[in-house]
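Structure first, commentary second.
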């Protein structure tokens, strides 16, 4: 499992978490809360078997109408 982060519009967090939770290759997903400096965006962390390119591809092709900025690795 790898842990990745996604910056998502705060208004879309619930929808994005639901979409990710429904995937067989996602073990865990949770909101880490909105950014203090930019409350319009929230950080989501997820544990998955996907690499970052696979996650980026899924988000680009099937983002369920959610606004997201991008992905990043979580140590």
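Residue numbers (the working numbering): -7 to 67.
The C-beta atom is built at its ideal place from N, Cα and C for all residues, glycine as well.
- As computed with DSSP, residue 20 is found in a beta bridge with 39.
- The C-beta separation of residue -1 from residue 35 comes to about 6 Å, placing the pair in contact by the 8 Å criterion.
- Its Cα nearest to that of residue 15, the residue 42 stands out among 52, 29, 42.
- Residue 26 carries a strand assignment under DSSP once its states are collapsed to helix, strand and coil.
- Across the structure, residue 6 and residue -7 are spaced so that their CA atoms are roughly 23 Å apart.
- With a 10 Å radius around the Cβ and a threshold of 16 neighbouring Cβ atoms, residue 60 comes out buried.
- In the three-state scheme derived from DSSP, where H, G and I count as helix and E and B as strand, residue 14 is classed as coil.
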